[in-house]
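Written below as structure tokens is the structure these notes are about.
Numbering (the numbering used here), first residue to last: 1 to 656.
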């Protein structure tokens, strides 16, 4: 869906950039200069610097400084801020009030990008006052929208909503009709993110009316698509289809073929949810059999997935599998993990209905593995974002420190020269130098505090990632539990329960990690005890003894250990004890020199390694895979019960 994104507005200075006969001469000369091969290689920045050197008066210089500030806003915040400050200082001297307003807006945007939201809002308010005072109402409206966007990125949705409402009142008061639909759309998007779909729908309708009145065809199509998406989430599927049909026709009139196909796919999805399989079949078949070769592969793949879902519901399984294979080949090597996960789920459902449970279980495992990869990628993206922000702040701090150092060196040279010339002011020179040194140290201390705060923010975000991973694993466990209840086949139920237990063992690690003081390690003793007791909770006749050394291990090490323990306990429960028979299980995990030894022992009937592997093939494949990851070995002895001894290389104890 084409949900409108919140974007900052950079004020257009072209309306007052070139003024006077000399400015016209510069415009006339620039195309001639660009014909020179040497000049044509100049960057946009150098062209602006050239124009600055040819500027006739200070007003033109203010506007050029502002344009250079906008040029570097998203590449070099410090450079953009320096140009904005030059524009601000010069505009105040002239004076040039509109130039001051624009410079304040650029400064505010630079602080917002750097994360200094309070300072950004203060500067935005000053920019608004200057623009409003000069009756530049369109500029003032843009500044209010920028304040709303800053509040939104600060996660202050209440204040963002208040600012958007203020922007609406301002636009309506001064008849700025071209902004109204976009402000409504931004406001509706916030309510949609907050889950207030009813309010979001009503505001989207206001945005639609405004877009239609201003003859904004593209905005009208996007808003109709958004309304169709919102209605598709509720019971009013007919209304959703009507809006999506209108959006499709508007995109068609604009010649936007890819958007038309995307809306048609959305309509197919709504038809499926309504149970209108004939209509969905007709539209999806048209898309699949039509001329789609010029469209992105993801659209072609999505159409085949929808048609395969219909064929699955019609029990035409061979056709469904053929469509799934065709569509999956289109996105197999693409960075489209979401649709690939949908394909894995549909493959699993088709094979389950055909009673091919091993294939169904294989695709379900591939989907779970893909979902785990998506969660890990989300975590890596957040970490990269944190590192990027941290690097940006480090660079800004380094630039400021370098500027302070250069200024300090200049002052030292000046005072040294003054000392040679006028010896009787030595005391005054030393005093000024000492004060300057104190200021530099104070600045350095402030920068160090900023770095410390950045590290704290990084730790907070990592904990949030861990919390999200835990929640996602719990959701997957709940889905598997629901699937167990809805499945009648005992073999499928057993496979799903095992999958649920494995997911729960991983989720328990992230739960302990989220609740602990450390952000990278988990207490082994607490985790093993919680895991084993949770597996034996419903088996009162089987007692448990644990002898676990209190190590703190990294998640990447403890996840395989937990899954191995889960498999061995499940194996002992299933094959080691007869029904209604009392038993005992002992678990030991200790350092053994340079290795770590894991022992799971029971007093059941006693099974050899060959018997255990024969009875639980899939479980032992997983155990061997996890041990291979840990560079470990396994030995099984059977006497009065079964003893499983796993040995693997010791890793660094994070508590050390």
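From the three backbone atoms N, C-alpha and C, an ideal C-beta is built for every residue, glycine too. For clarity, every value in this text was computed on a predicted model and none was experimentally measured.
Rounded Cβ spacing between residue 108 and residue 80 (contact assumed at less than 8 Å): For the purposes of this step, residue 108 is taken as residue 108 along the chain shown, with counting starting at 1. For the purposes of this step, residue 80 is taken as residue 80 along the chain shown, with counting starting at 1. Contact flag wrong, Cβ pair sits at about 11 Å.
Kindly examine the ligand SAM and report whether one of its heavy atoms sits closer than 7 Å to the Cβ of residue 218. Here there are no bound small molecules, and the ligand SAM is not part of this structure.
C-alpha gap between residue 420 and residue 412, whole angstroms: Residue 420 sits at position 420 when you count from the first residue of the chain shown. Residue 412 sits at position 412 when you count from the first residue of the chain shown. Their backbone Cα atoms lie some 12 Å apart in a straight line.
Got a sec? Which residues, its chain only, sit under 8 Å from residue 132 by beta carbon, not counting five neighbours each side? Translated into the one-based positions of the chain shown, residue 132 becomes position 132. So the qualifying residues of the chain are 140.
Whole-angstrom Cβ separation of residue 62 and residue 96, contact assumed at under 8 Å? Residue mapping note: residue 62 aligns to position 62 of the chain shown, counting from 1. Residue mapping note: residue 96 aligns to position 96 of the chain shown, counting from 1. Correct: roughly 5 Å between the Cβ atoms.
In chain order, what residues of the same chain have a beta carbon less than 6 Å from the beta carbon of residue 83, not counting five sequence neighbours either side? Residue 83 sits at position 83 when you count from the first residue of the chain shown. So the qualifying residues of the chain are 65, 68 and 69.
Would you report the Cα separation of residue 648 and residue 595, rounded to the nearest angstrom? Indexing the chain shown from 1 puts residue 648 at position 648. Indexing the chain shown from 1 puts residue 595 at position 595. The straight-line gap from Cα to Cα measures roughly 6 Å.
The region 139-157 contacting the region 176-189, beta-carbon criterion three pairs below 8 Å: yes
For the structure I just gave you, are there three or more beta carbon pairs, one from the region 328-338 and one from the region 294-314, closer than 8 Å? yes
Which residues share a DSSP beta bridge with residue 543? Counting from 1 along the chain shown, the entry for residue 543 is found at position 543. Answer by DSSP bridge pairing, in chain order: 584.
Are the Cβ atoms of residue 116 and residue 77 separated by less than 8 Å? Stepping through the chain shown from its first residue, residue 116 is reached at position 116. Stepping through the chain shown from its first residue, residue 77 is reached at position 77. No.
Buried versus exposed, by CB contacts within 10 Å (16 or more), residue 548: One-based indexing of the chain shown puts residue 548 at position 548. With 16 or more Cβ atoms within 10 Å of its Cβ, residue 548 is classed as buried.
Where does the unbroken alpha helix (DSSP H) through residue 425 begin, and where does it stop? For the purposes of this step, residue 425 is taken as residue 425 along the chain shown, with counting starting at 1. No alpha helix (DSSP H) holds residue 425; DSSP gives it neither H nor E.
How is residue 316 classed by DSSP in three states: helix, strand or coil? As a position in the chain shown, residue 316 is number 316, starting the count at 1. In this structure, residue 316 counts as coil in the three-state DSSP scheme.
Quick one: residues in its chain with C-beta nearer than 7 Å to the C-beta of residue 342, no 5 flanking neighbours on either side, listed in chain order? Stepping through the chain shown from its first residue, residue 342 is reached at position 342. 305.
Does DSSP put residue 478 in a helix, a strand or coil? Within the chain shown, residue 478 is the residue found at index 478, counting from 1. Of the three classes helix, strand and coil, the one that applies to residue 478 here is helix, per DSSP.
May I ask which residues mark the beginning and end of the alpha helix (DSSP H) holding residue 132? Here residue 132 corresponds to residue number 132 of the chain shown, with the count starting at 1. Element bounds for residue 132: 117-133.
If we call anything under 8 Å between Cβ atoms a contact, is residue 224 one with residue 247? Along the chain shown, one-based indexing puts residue 224 at 224. Along the chain shown, one-based indexing puts residue 247 at 247. Yes, the pair counts as a contact, with Cβ atoms nearer than the cut-off.
Could you work out which residue in 191, 194, 192 and 226 is closest to residue 208 when comparing CA atoms only? Here residue 208 corresponds to residue number 208 of the chain shown, with the count starting at 1. The option with the nearest alpha carbon to residue 208 is 226.
Note the first and the last residue of the continuous alpha helix (DSSP H) segment covering residue 673. Residue coverage of the chain in this structure runs from 1 to 656, which leaves residue 673 outside it and unanswerable.
Identified DSSP bridge partners for residue 591: Counting from 1 along the chain shown, the entry for residue 591 is found at position 591. Answer by DSSP bridge pairing, in chain order: 596.
Same chain only: Cβ atoms within 8 Å of residue 640, ignoring 5 sequence neighbours per side: Looking up residue 640 in the chain shown gives position 640. 603 and 606, listed in sequence order.
Could you tell me how far apart the beta carbons of residue 176 and residue 137 are, in whole angstroms, since I believe they sit closer than 8 Å? Position 176 of the chain shown holds residue 176. Position 137 of the chain shown holds residue 137. Contact flag correct, Cβ pair sits at about 6 Å.
8 Å CB neighbourhood of residue 545 in its chain, flanking five on each side removed: Numbered from 1 along the chain shown, position 545 holds the residue referred to as residue 545. Contacts found: 584, 585, 586 and 587.
Quick one: grab the DSSP three-state call for residue 577. Stepping through the chain shown from its first residue, residue 577 is reached at position 577. Coil, per DSSP.
Going straight from the alpha carbon of residue 357 to that of residue 618, what length do you get? In the chain shown, the residue the question calls residue 357 occupies position 357. In the chain shown, the residue the question calls residue 618 occupies position 618. The alpha-carbon atoms of residue 357 and residue 618 are separated by roughly 13 Å.
How about residue 233 and residue 264: do their beta carbons lie closer than 8 Å? Within the chain shown, numbered from 1, the residue matching residue 233 stands at position 233. Within the chain shown, numbered from 1, the residue matching residue 264 stands at position 264. No.
Cα-Cα separation, residue 164 to residue 201: Taking the first residue of the chain shown as position 1, residue 164 is located at position 164. Taking the first residue of the chain shown as position 1, residue 201 is located at position 201. C-alpha separation (whole angstroms): 16 Å.
Just how far apart, CA to CA, sit residue 444 and residue 401? Position 444 of the chain shown holds residue 444. Position 401 of the chain shown holds residue 401. If you take the alpha carbons of residue 444 and residue 401, they lie about 7 Å apart.
Could you name the residues that DSSP lists as bridge partners for residue 637? Translated into positions along the chain shown, residue 637 becomes position 637. Its beta-bridge partners are 643.
What is the rounded straight-line gap between the Cα of residue 315 and the Cα of residue 253? Position 315 of the chain shown holds residue 315. Position 253 of the chain shown holds residue 253. Going from the Cα of residue 315 to the Cα of residue 253 covers about 38 Å.
Rank 279, 330 and 349 by C-alpha distance to the C-alpha of residue 312 and give the top, closest one. As a first step, residue 312 is located in the chain shown; it is residue number 312 there, counting from the start. Residue 349 is the option with its Cα nearest to residue 312.
On the criterion of 16 or more Cβ atoms from any shown chain inside 10 Å, does residue 565 qualify as buried, or is it exposed? If you number the chain shown from 1, residue 565 lands on position 565. By the 10 Å Cβ count, residue 565 comes out buried.
Going by the beta-carbon positions, is the gap between residue 550 and residue 523 smaller than 8 Å? As a working note, residue 550 is residue 550 in the chain shown. As a working note, residue 523 is residue 523 in the chain shown. Yes, the pair counts as a contact, with Cβ atoms nearer than the cut-off.
Distance check for residue 332 and residue 271, CA to CA, integer angstroms please. Position 271 of the chain shown holds residue 271. Position 332 of the chain shown holds residue 332. Residue 271 and residue 332: Cα-Cα distance of roughly 27 Å.
Determine whether the beta carbon atoms of residue 528 and residue 589 lie at a separation below 8 Å. Stepping through the chain shown from its first residue, residue 528 is reached at position 528. Stepping through the chain shown from its first residue, residue 589 is reached at position 589. Contact flag set, yes.
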